[in-house]
Every structure is written in C-alpha cells, then in structure tokens.
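Enquirer: Counted from 1, the sequence shown has number 164 at position 83 by my numbering; the numbering is strictly sequential.
For glycine and all other residues, C-beta sits at the position ideal for the given N, C-alpha and C.
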Amino acid sequence: MADIWSKQKRSEVMSLIRSRGNKATELRLIEIYREHGITGWRRNQPLLGKPDFTFRREKVVVFVDGCFWHGCPRCYKRPKSNRKFWDTKIANNRKRDRLVNRELRGSGWRVVRIWQHQLDSSARVAGRVRRYLELGNI
C-alpha cells in the first residue's frame, strides 16, 4: 500500500510520536519486586539514560531492555524488510546502552540490565537485583 505522504512528511509525522515507554515490562518488574519484598525503588528519576528503576540509597539503577529494541542475542529476529535501517537502529541503541552504562558507573552507580525475556523467571531476576542492592550496604 502506497503512503499518502511524501518521505519527508512521513518522517516529520513519525518524529512527533512520543514513546509511551515499556509499561508492560516495567509493571512486570514491579510485580517481581513486590513478590520478593524488594523495596526502596523509584521510577522516573532524572538520570542519564532514564533508568526504569532507581534505588538511590544503594546507588543502583535497573534497565529492562526490550529484546527487539536492544538486540537480545537470544531473542532478536532481524526484520526482513528495511534491514539496513534496523541494523543501524539496533547497533546505535546498543552503543548508547554501553555509553550510558559507562557514564553511570563512572558516577558511582551500579547498573543492572535485564532482558525482557528474563522477566519470565521472577526468582532469578529478584536474586540478581538483590545482589546488587546488598553490595550497597557493605
């Protein structure tokens, strides 16, 4: 089906659409925190990279990375169309993730990155987050 707008107009329209975040994955992680008694987290904290969860006292940030958008080695399926665009997009996302990790760690934060598919194993995710939090209490 042909687009009704020119390539330039389509680009302009798409650039005005704002992300609504990864609400389902964030809500799942909240369930895991509650199920395992993990407290002290905050959301929407003004930090580089916009972590999904921040534990300020322990200086721990948690990102839940979508398997598609961040190129999960286990789950990512390369799209069949517009491959050059997607290869560049995913590579840039991963590069940005590495930069954010480096900057936050340089500022004294511990960074936890959880793949979206890992949320299926609540005990494992909770254990991993808890280990990072306990390091802050040493």
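Under the rule that 16 or more other beta-carbon atoms within 10 Å means buried, what is Val-143, buried or exposed?
Expert: Buried: at least 16 other Cβ atoms inside 10 Å.
Enquirer: Can you tell which of Pro-160, Gly-118, Leu-108 and His-117 has its C-alpha closest to the C-alpha of Arg-291?
Expert: Because the chain in this structure spans residues 82 to 219, residue 291 falls outside the shown range and cannot be described.
Enquirer: Considering just the uninterrupted stretch of the alpha helix (DSSP H) at Trp-167, what are its terminal residues?
Expert: Run containing Trp-167: 164 to 187, per the alpha helix (DSSP H) assignment.
Enquirer: By how many angstroms is the C-alpha of Trp-122 removed from the C-alpha of Glu-184?
Expert: Their backbone Cα atoms lie some 21 Å apart in a straight line.
Enquirer: Near Lys-91, what residues of its chain come up, given a Cβ to Cβ distance below 8 Å and the 5 sequence neighbours on each side ignored?
Expert: Per the sequence presented here, residue 91 reads as Arg, with Lys not at that position. If we look at Arg-91 and ignore the five residues flanking it on each side, its Cβ neighbours are Asp-84.
Enquirer: With distances taken Cα to Cα, identify the nearest neighbour of His-151 among Gly-187, Gln-126, Ile-195 and Ala-207.
Expert: Minimum Cα distance to His-151 is reached at Ile-195.
Enquirer: Can you tell me which of the three DSSP states Thr-135 falls into?
Expert: DSSP places Thr-135 in strand when its eight states are reduced to three.
Enquirer: In terms of DSSP beta bridges, what is Trp-196 paired with?
Expert: DSSP, once it has assigned bridges, lists Asp-146 as partnering Trp-196.
Enquirer: Secondary structure at Arg-205, three-state DSSP: helix, strand or coil?
Expert: In this structure, Arg-205 counts as helix in the three-state DSSP scheme.
Enquirer: Assign Arg-124 to one of three DSSP states: helix, strand, or coil.
Expert: Three-state result, Arg-124: coil.
Enquirer: Given a cut-off of 8 Å on the beta-carbon distance, is the pair Val-145 and Asp-133 in contact?
Expert: Their beta carbons are under 8 Å apart, which means Val-145 touches Asp-133 by this criterion.
Enquirer: Which residue comes first and which comes last in the alpha helix (DSSP H) that contains Ser-222?
Expert: Here the chain covers residues 82 to 219 and nothing more, so residue 222 does not appear.
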